[in-house]
Every structure is written in structure tokens, then in C-alpha cells.
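Residue numbers (this note's numbering): -2 to 83.
By construction, the Cβ of each residue, glycine as well, lies at the ideal position given by its N, Cα and C atoms.
Here is the structure we will look at.
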């Protein structure tokens, strides 16, 4: 669906006064969401270039495929043992 800016402006002009704040909030939400998406894309691009992060992700996937995963409790026990040893 394609809407021209003029049509959108006309629709906004017809919004009842009590709904103006809601429309404003929605437009702010869309603006924020679009900015957040752009930031997330930049983060992904940056992380994809980090060889260490890529290696860790690949290792994690391999561990999951081979059943080398821990439950939350197992992970906590492991971390507690590591901290006791240091």
C-alpha cells in the first residue's frame, strides 16, 4: 500500500484532538524503532568482522551439535568451582 505524504498530512489534520498524543507517541515509536534497527545492523556488521567473535559462535554451534551443553544449574556449579580454584 502506498500513501503520499500529502494524504498522510491530510489524515493527521483530521485526527480528533484527544487522539493527537497517541499518534505522536506512535510516530516517536516508529522513529526510535527504525533507529534501533539501524544500530543493530551496524552492531551485527561490526561483530561479523571480529574473527574472535565468529570463532566463538562457530565453537558454540559445534558444542550444541555435539551435545556439549550445560543446564543452568550445571553452568552455575562449574562457575562456582572455577571461582573457588582462583
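Residue i versus residue j - alpha carbon distance
i, j, result
"residue 21", "residue 33", "18 Å"
"residue 57", "residue 25", "38 Å"
"residue 66", "residue -1", "48 Å"
"residue 46", "residue 39", "11 Å"
"residue 81", "residue 52", "28 Å"
"residue 63", "residue 79", "23 Å"
"residue 87", "residue 30", "Only positions -2 to 83 of the chain appear in this structure, which leaves residue 87 out of reach."
"residue 59", "residue 35", "30 Å"
CB contact below 9 Å: residue i versus chain D
i, result
"residue 43", "Within the model displayed, chain D is absent; a lone protein chain is all it includes."
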